[in-house]
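In UniProt numbering, the protein residues as written are 1 to 427. In this text, a Cβ means the ideal position worked out from N, Cα and C, and glycines have one as well.
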């Protein structure tokens, strides 16, 4: 069977061999194989619930035993078993989602798997899900969520006027939940490529901790809760912007752009740029040019930030067949475009001061940070050797995080200081 492109967590894994029957993946029906390393042989029953599985045909790469702390106990599985990312399963067993087989090569990843009888849902079903609260927290992408919440908070605070503290807290909570929902839906759809990339292979779905359909339900529930709550409690403009942001990230970017074009980050970066506008709309009930400036800062920051990451992670993206700029257009073109977007971004970062909704402190800091960003982008573009290029890419990636967080932190602190002084009649 020739390899074909997979789409999403429910896509059929790619195998060399035959499969009599494949059931829909659920939390209970994934396939466990024994520790016999001879690929291509049937795995005999080790429990009343274990059905025969054959690991894909003509490959010789041995399996890798799992090492996660929350791996099932020996009581659930006999000693001497190892974890496989799937196989050809018979008599009702189903292979775990997330593995892939390529021509002449078997990529084996640690995937926690469980078995059920053909008639899943009976009292004899073997339930081995060990998902914890931490696993569900990972689905929310807390690092990404923290930046989204922070920029949304800045948009809310910088907006003119005064907002009720309770409504402000509800707005920030809904932005956080909406961001987490987007992350969960992204992990649901990208489970197949997450299993391939070293950086993401230990996420809950490829690690076999949470079933894909549970993640989908989790993400959709959080999406509906965040949008409806924000609309009912604050205003429907903010709710509509949040709904569009979730849709843009989960559908436009994740399901379409990410796997189809090297411009995925450029266009998809809009999803991460909406939170300040959502916060602004929550506070004022409208969209203004000032909020669009905050949007543009993040939108223009995204390409050099992620292209720097992709330059020193290109093998990971190539293995997952994601058309990132370095893999499609080459490293030199990527470095050139990163510098181009940095040149545009630096003056846009100063616009809040130019337009008057930020003070001189922000103006000075944004200018210095912008010049430093340009320096690191130029160093990346001018790097001669491969080691120098990789080092420059890492430095630009790290500084880009400092740039955006520093820019919005100064804007937040200065705005709060000005409002506090105005409240006490000093200004």
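Check whether the Cβ atoms of residue 307 and residue 338 sit closer than 7 Å, and answer yes or no.
-> yes
Sort 203, 208, 396, 188 by Cα distance to residue 220 and report the nearest one.
-> 188
Mind reading off the beta-carbon distance from residue 352 to residue 346? Whole number of angstroms is fine, and I expect it under 8 Å.
-> Not a contact, Cβ separation roughly 13 Å.
Quick one: grab the DSSP three-state call for residue 46.
-> Note that residue 46 scores 31 on pLDDT, short of 50, meaning its location in the model is unreliable and no value can be drawn from it.
Where residue 315 falls, given that 16 or more other Cβ within 10 Å makes a residue buried | exposed
Using DSSP with H/G/I as helix, E/B as strand and the rest coil, what is residue 351?
-> helix
4 or more residues per run - each alpha helix (DSSP H) lying fully within the segment 258-302 | 264-273, 275-284
Figure out for me which residue from 181, 159, 165, 215 has the closest Cα to the Cα of residue 142.
-> 181
Test item: CB-CB of residue 300 and residue 397 under 7 Å = no
Is the segment 361-371 touching the segment 275-286, taking contact as three or more C-beta pairs under 8 Å?
-> no
Leaving out five residues before and five after residue 38 in sequence, what residues of the same chain have Cβ atoms less than 8 Å from its Cβ?
-> Unreliable placement is indicated for residue 38, whose pLDDT of 34 sits below 50; no coordinate value is reported for it.
For residue 210, which three-state DSSP category applies?
-> coil
Separation of residue 237 from residue 281, as counted between CA atoms | 7 Å
Residue 131 versus residue 140: straight-line alpha-carbon distance, rounded = 14 Å
Start-to-end residues for the alpha helix (DSSP H) that takes in residue 135 = 133-139
Do you know offhand how far residue 350's Cα is from residue 366's?
-> 6 Å
Would you check if there are 3 or more beta carbon pairs closer than 8 Å linking the segment 151-167 to the segment 408-424?
-> yes
Looking at residue 303 and residue 266, is the spacing between their C-beta atoms short of 7 Å?
-> yes
Option nearest residue 160 by Cα separation, candidates 394, 424, 416, 426 = 416
Secondary structure of residue 199, DSSP reduced to three states | coil
Between the C-alpha atoms of residue 183 and residue 250, what's the straight-line distance to the nearest angstrom?
-> 8 Å
In chain order, what residues of the same chain lie with their CB nearer than 6 Å to the CB of residue 374, ignoring the 5 residues before and after it?
-> 342, 346
With a 10 Å radius around its C-beta and 16 neighbouring C-beta atoms as the bar for buried, classify residue 381 as buried or exposed.
-> buried
Buried or exposed: which applies to residue 387, given that a residue is buried once 16 or more other Cβ atoms fall within 10 Å of its Cβ?
-> exposed
Which residue's Cα is closest to the Cα of residue 245: 217, 185, 420?
-> 185
Under the criterion of a Cβ to heavy atom distance below 6 Å, does residue 351 qualify as lining the ligand ZN?
-> Here there are no bound small molecules, and the ligand ZN is not part of this structure.
Tell me whether residue 321 sits in a helix, a strand or coil according to DSSP, three-state version.
-> coil
Environment of residue 212 [buried if 16+ CB atoms lie within 10 Å] = buried
Could you pull out every residue in the same chain whose Cβ sits closer than 7 Å to the Cβ of residue 47, ignoring the five residues on either side in sequence?
-> Annotation note: pLDDT 30 at residue 47 (below 50); position unreliable, no value reported.
What distance in whole Å lies between the Cβ atoms of residue 414 and residue 433, which are believed to be in contact at a cut-off of 8 Å?
-> One cannot answer for residue 433 here, as it falls past the ends of the chain, which runs 1 to 427.
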